[in-house]
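Just below is one structure, and these are the notes that go with it.
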Amino acid sequence: MRKVKIILIAFLSLGVIFIITSSLKGSRALREINLINNSSNITLTSKEDTTPINFESDESDLLEMGFIKSLESDELVLYLQEEIFNIAIYDKNNGYIWFGFYPKYLENGYTKTVKSFIESGVTIDYFDGASLNEARMSLTNSDGGGEVSYQVKDNKLNASINFKKLGISFKVLVYLDGGSLYFEVPREEIVEIPYKTAAMKVAKEYKLQDIILFPYFGSNNYEINGYAFIPDGSGALIRYRDEVFNSPYIRRIYGRDFGIQTEETTKPHLKEGKPLSTPIFGINHGYHQAAFLAEINSGYGASELHSYPYMYNQINLNTTFFVYKVRDSSLIKLSGGSINTIPLINKEPYPADYQARYTFLQADKASYVGMALTYKEHLNLEIKDNLNYNLNLEIVGQDSKPYLFGEKKVKLTSYLDALSILTDLSNHNIDVIANYKSYSKNGTYGKNPFKFQLSHKLGGRRDFKKLVNGVKGLEGIHLSLEALPLLVNQTGSFERLLKKTTLDLFKYDIKASYQDKGSLLSVDGISKRILKNKKQYVKYQINSLNLDYVGNINFSYRSGKKLVYREEMIKEIKEQLNNLADYSLGLNNPASYTFSYIDRYYNASFGANEYAYISESVPFISILLSGSVSLYSAPLNYTDNLDYAVLKMIEYNINPSFIVTKEEGHHLRYTNYEYLFSTEYNLWKETIYDVYQKVGAFLSLVDDEVISDHKVVLEGLSEIVYQTKLIYVNYSNQELTYKTVTIPPFSAVLVEVDS
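Be aware that the sequence shown starts at 50, since it is given in our numbering, and climbs by one per residue.
Shown next as structure tokens:
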């Protein structure tokens, strides 16, 4: 039996916090600290279903079903059903068989179209070249004249796909490598020719829109213990359950392509959900038995994630898959006339190959935790030893508001005010990464916000130097400056502004009270704009930056005569971030392609979008980035349940954030920061002290360790596993006991584990 030492932090409605040390046989209170009451109603987390599944099929069954053995690696065997171009994967590590379609689909009385979609290894969406109407065709649907031929070369299955009646053909490469299955669609192999029969006077021309490979691979339903993992928000599970849902989950990888796509909703009162920050999904069958992680290695700039819950489209299955977007449609706005817009599609397919990788997981790795740890390996994220627990404090310097003649600068936090705030926090033993926003002459919403131009109104060079020198003398306090090298709100005459692929000037929605749009600058100039400030950064010893908008908006664009699709834009962003390797970088809600370049992830989510078919949120991003990137919450000034947020930060290993000003809230009136409403430091400092201490009582003890496991062990009780410590978080209103540990309601417990 392992010897354990328990440190208990109990958030009780009695208003006290107990810190207790105990052995397995007894405990004693060491001290008491006053704590705010917790009387909130909190949704309970659901206990992990540990029901095993039966492995109903073996390799001999595959031969009876018409499969033939086609490829083999050290860990996997691929079986092919040639007529329908579908596959089954035999996992040697656990003996489980993953089918490319639901084996019992013929028993369910589906229509011809549905049956073809389930059984076909490839389905396409296409445009009618004349009307641009959209349609779908599966390989086994005779209406498309689908044919497939095979060739095995260099341990790769080369499938030549031809929809003869549509004039569309391409190749799909399928191969195994170790414990992974790969699919590829080479861009150069996509061919589109007019289709004409002897009876037709005019040839028809169809354009390929989407390619869908093995959409029902791993599909099943509530009859087994299973779930789909989707990277929505912090991470989400869609458990297989006997409930009917009428809407699917369809999201663009890395969010909407603002350079091409029109608005996702025509109802302005509806808010867009959290974008997908990673090009992955996962499927799990059984408890710690069989799972796989699917990821897109190439073509993610033009792909979607689809997850269809039980009974969507009257299909009694759950399935999740990628859709490769070969083309997009967009609307061109017209001026005058009765027609306001006309549709437009890309003339040529996106200039990127498509490659997806499915990695199969077994035993303890067969879970969303195993998926996160596997993806961490694939991203080659290094473990860093300097990610200490601290507070993210956003300090707003200044802004402008309308005045009798033009605009008037409004001072919100001067350089010396910022130093005073940071000194106070240091005196209270609070470590801080201070992100100074609008510190420059023109502020965030003025001209050229990426330029290092000190503001005379905030104190000029002399006071800024005092701030820098003062921070150096404060233990645990670090200064970071905001920089906006991609988006500006007021532009100069000679700046390279981007246009959408439709040739409209590229405008992007910004978060401000009185400016709603900003202009996007050239992507290849991001690092150049930052490095123009290098002398000033060296002079004031600035080595930490927060690059707002970089890494969380991803788009196709035109720059001069050059058309750049999103895949190339993402490669350019990575190159620009690499050019800034001398700086410690923080990004807001960044996409996964930036993770290797940053130290701080701001505005991390506590959960997922609240769609009806999502069973629960999980800390996938926290597990993925644990030990590699520090996570920070959105500013807690506007959290409606701060006690719940504290528990979530402890569970998800997310550091707290606040946004403050020295001046009172009424000074925000008529500025672009009016939406902040309440930021005065003197009003918030007691809350900041309190939240920092509560969360830090746990996270400061694990900031040199990484998360290795997470599960819900009882209804309302989560367990988070580190190398030498366990944390239990109780969201219920009842005292819970798990093994030898008792956790009071609305509380957290840290257990030190000695091997």
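In this text, a Cβ means the ideal position worked out from N, Cα and C, and glycines have one as well.
Quantities reported herein were computed from a predicted structural model and do not represent experimental measurements.
- In chain order, Asn686, Gly714 place their CB closer than 7 angstroms to the CB of Ser727, counting only its own chain and leaving out the 5 sequence neighbours on each side.
- Short of 7 angstroms from the beta carbon of Ile217, and not among the five residues preceding or following it, lie these beta carbons of its own chain, in chain order: Ile173, Tyr175, Glu241, Tyr255, Leu257.
- Of the other Cβ atoms in all chains shown, fewer than 16 fall within 10 Å of the Cβ of Ala661; this residue is therefore exposed.
- Scanning its chain for C-beta atoms nearer than 8 angstroms, with the 5 sequence neighbours on each side dropped, one finds around Gly178 the residues Lys253, Glu254, Tyr255, Lys256, in chain order.
- Between the C-alpha atoms of Tyr139 and Val126 there is a straight-line separation of about 5 angstroms.
- Counting other Cβ atoms within 10 Å of its Cβ, Met114 stays below 16 and is therefore classed as exposed.
- Under the DSSP assignment, Ala208 falls in the beta strand (DSSP E) whose first and last residues are 205-212.
- With a threshold of 16 other beta carbon atoms within 10 Å, Ile381 falls short and is exposed.
- The C-beta of Ala483 has 16 or more other C-beta atoms within 10 Å across all chains shown, which makes the residue buried.
- When Cβ pairs closer than 8 angstroms are counted between the two stretches, the stretch 396-405 is seen to touch the stretch 228-245, the count reaching three or more.
- Scanning Leu732, Ser356, Tyr701, Val517 for the CA closest to the CA of Asn592 turns up Val517.
- The beta carbon of Arg406 sits closer than 6 angstroms to those of Ser229, Tyr231, Glu344, Asn346, all from its chain and outside the five residues before and after it, given in chain order.
- Approximately 6 angstroms separates the beta-carbon atoms of Pro639 and Tyr650; this is inside 8 angstroms, confirming the contact.
- In the three-state reduction of the DSSP assignment, Ser796 falls in the strand class.
- Following the DSSP letters along the chain, one finds His334 inside the beta strand (DSSP E) bounded by residues 329-334.
- Rounded to the nearest whole angstrom, the C-alpha separation of Lys548 and Arg607 is 5 angstroms.
- Ile756 is bridged by DSSP to nothing; it lacks a bridge partner.
- Distance check between Ser379 and each of His759, Phe371, Asn365, Ile394 places Ile394 closest, using alpha-carbon atoms only.
- By the Cβ rule, the stretch 195-210 does not count as touching the stretch 290-302, because fewer than three pairs are nearer than 8 angstroms.
- Excluding residues up to 5 positions away in sequence, Asp306, Phe307, Gly308, Arg615, Met618 lie with their Cβ nearer than 7 angstroms to the Cβ of Phe604 in the same chain.
- Per DSSP, the beta-bridge partners of Leu530 are Tyr485, Leu594.
- Residue pairing by DSSP places Gln564 in no beta bridge whatsoever.
- When C-beta atoms of the stretch 141-153 are compared with those of the stretch 330-339, three or more pairs fall below 8 angstroms, so the two segments count as touching.
- Beta-bridge partners of Val709 (DSSP): Ile444.
- Put simply, the stretch 662-673 does not touch the stretch 686-695. Fewer than three CB pairs are less than 8 angstroms apart.
- Judged by beta-carbon spacing, Phe409 lies within the 9 angstroms limit of Phe341, meaning their Cβ atoms are closer than that value.
- Taking Gly600 as the centre and dropping the five residues before and after it, the same chain places the C-beta of Ile622, Leu636, Pro639, Ala640, Thr643 closer than 7 angstroms to its C-beta, in chain order.
- Considering only Val445, Pro328, Leu129, the residue with the shortest C-alpha distance to Asp466 is Val445.
- Around the CB of Ser675, 16 or more other CB atoms lie within 10 Å, so the residue is classed as buried.
- At a cut-off of 3 residues, the continuous stretches assigned as beta strand (DSSP E) that sit fully inside the stretch 91-139 are 117-121, 125-130.
- Annotated as proximal: Asn439 and Val481, with beta-carbon spacing under 9 angstroms.
- Ser706 places its beta carbon 9 angstroms or farther from that of Leu626.
- Ranking Ala277, Tyr373, Tyr417, Ser352 by CA distance to the CA of Asn367 puts Ala277 first.
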